[in-house]
């Protein structure tokens, strides 16, 4: 029987912003769950009210019922209280991408994306990621030191995506630069996003003239009959979804392997523990911490809370993974347990095989790094590492390391 919790007043709300989320979010989520249960009343930036769904069972319930907890942000009952410069507006401003579609329309669009990603040869992708990682390592191998976030992890996913998209080599550097800028919160973000959109439009036009074995071509040829505007929007979604989370997954995994004694043997040349480390990060330090969200289509009950029509529910993916009812024992590792919520769940979760593609990219690049630089070590104490200032994503600002310098013959880099 569901426990009933009384109505809450504004002073009971948890502020879901601020420095408390940078250093030890897992402890904070644990306190929230202990004090409020699986659904907590929260305030987003600007003290806009919402619900944080922080219990594993409750997140599973919300993501499994897309009719009751829908995705279209126009359902939100707080629009009149959202200022034009609200910092979270990019997460909720409706656009015609697959992100905000529902029911049959969502299945049509997401199905086309899944079909296109299924066409990716994962053996070829792995080989290309090995080349990308090798070339990036070549740029700093002789220095004996590097920042593995800016010089390595942040660059790899987009270079892999560019290959999957069949993007002309000459356009890849500009895409990498503009996507990085567009994902920032600075004044250049919107113009950069416009350039990325124009780049995808040019790419799709090229694929109409010269179709190939790549993601845009497969989407254009899909029986779902996507329009060019739909394809461009959805290519942007896939690009953004692949870049930051995968880069953070790589960075968080390298950090785990450099700071946890259980992975010491891997650093001396073995590969056996890389998959275990990747999975453990998804459980304990997942790149996507929270996600906006779902919107109640009618008054209902969830976790003993009274949810009103149009209420916003923030999916607490990291909090759900840390739920003691499901969380794997840290001492025993998380090997073999893939029931985490890091890729979402239900029809609005990451479409198959997106998680597999992301894992190929992440696992390959970590393995190549350990093969090339087996004596890698942090150049600062673990506690000195700084996390990005975000409650939505979990990733390091930098990951400074040292290693034995390795001579690399000079060559002109090519991303083809």
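Numbering (my numbering), first residue to last: 25 to 440.
Where a beta carbon is used, it is the ideal one built from N, C-alpha and C, also for glycine.
Here the structure is a predicted model, which is why all the values come from computation and not from measurement.
Name the DSSP bridge partner or partners of residue i?
| i | result |
| --- | --- |
| residue 170 | 425 |
| residue 330 | 325 |
| residue 93 | 320 |
| residue 417 | 312 |
| residue 64 | 76 |
| residue 38 | 66 |
Which stretch, first to last residue, makes up the alpha helix (DSSP H) that contains residue i?
| i | result |
| --- | --- |
| residue 49 | 49-60 |
| residue 379 | 378-396 |
| residue 266 | 252-283 |
| residue 175 | No alpha helix (DSSP H) contains residue 175, which DSSP labels as neither H nor E. |
| residue 146 | 146-162 |
| residue 116 | 113-116 |
Alpha carbon to alpha carbon, how far is residue j from residue i? Give it in angstroms, no decimals.
| i | j | result |
| --- | --- | --- |
| residue 226 | residue 328 | 50 Å |
| residue 248 | residue 338 | 31 Å |
| residue 152 | residue 398 | 21 Å |
| residue 26 | residue 82 | Residue confidence for residue 26 is low, a pLDDT of 45 falling below 50, so the modelled location carries little weight and cannot support an answer. |
| residue 299 | residue 387 | 7 Å |
| residue 133 | residue 285 | 44 Å |
| residue 297 | residue 267 | 24 Å |
| residue 373 | residue 69 | 25 Å |
| residue 347 | residue 56 | 11 Å |
| residue 161 | residue 173 | 12 Å |
| residue 430 | residue 422 | 22 Å |
| residue 72 | residue 106 | 7 Å |
| residue 43 | residue 59 | 20 Å |
| residue 143 | residue 61 | 42 Å |
| residue 391 | residue 150 | 11 Å |
| residue 394 | residue 287 | 11 Å |
| residue 122 | residue 404 | 42 Å |
| residue 201 | residue 36 | 43 Å |
| residue 124 | residue 171 | 36 Å |
| residue 40 | residue 75 | 10 Å |
| residue 203 | residue 183 | 11 Å |
| residue 117 | residue 260 | 15 Å |
| residue 65 | residue 340 | 12 Å |
| residue 215 | residue 250 | 26 Å |
With DSSP collapsed to three states, give me the class of residue i.
| i | result |
| --- | --- |
| residue 236 | coil |
| residue 432 | coil |
| residue 438 | With a pLDDT of only 48 at residue 438, under the threshold of 50, the placement of this residue in the model should not be trusted, and no figure is reported. |
| residue 411 | strand |
| residue 83 | helix |
| residue 227 | helix |
| residue 141 | helix |
| residue 220 | helix |
| residue 402 | strand |
| residue 305 | helix |
| residue 200 | helix |
| residue 106 | coil |
| residue 206 | helix |
| residue 362 | coil |
| residue 126 | coil |
| residue 215 | helix |
| residue 350 | coil |
| residue 299 | helix |
| residue 192 | coil |
| residue 165 | coil |
For a quick check, are the C-beta atoms of residue i and residue j less than 8 Å apart?
| i | j | result |
| --- | --- | --- |
| residue 180 | residue 274 | yes |
| residue 310 | residue 271 | no |
| residue 100 | residue 319 | yes |
| residue 63 | residue 336 | no |
| residue 45 | residue 415 | yes |
| residue 380 | residue 130 | no |
| residue 141 | residue 282 | no |
| residue 158 | residue 126 | no |
| residue 321 | residue 92 | yes |
| residue 376 | residue 87 | no |
| residue 277 | residue 185 | no |
| residue 165 | residue 332 | no |
| residue 154 | residue 411 | no |
| residue 198 | residue 206 | no |
| residue 193 | residue 425 | no |
| residue 279 | residue 409 | yes |
| residue 316 | residue 113 | no |
Specify, as a first and last residue, the run of the beta strand (DSSP E) that residue i falls within.
| i | result |
| --- | --- |
| residue 317 | 315-320 |
| residue 339 | 336-339 |
Does any CB atom of chain C fall closer than 8 Å to the CB of residue i?
| i | result |
| --- | --- |
| residue 68 | Structure shown: chain C not included; a single protein chain is present. |
Sorry if obvious, but does the Cβ on residue i come closer than 7 Å to a heavy atom of the ligand NAP?
| i | result |
| --- | --- |
| residue 203 | Among the ligands in the structure shown, none appear at all, so the ligand NAP cannot be discussed. |
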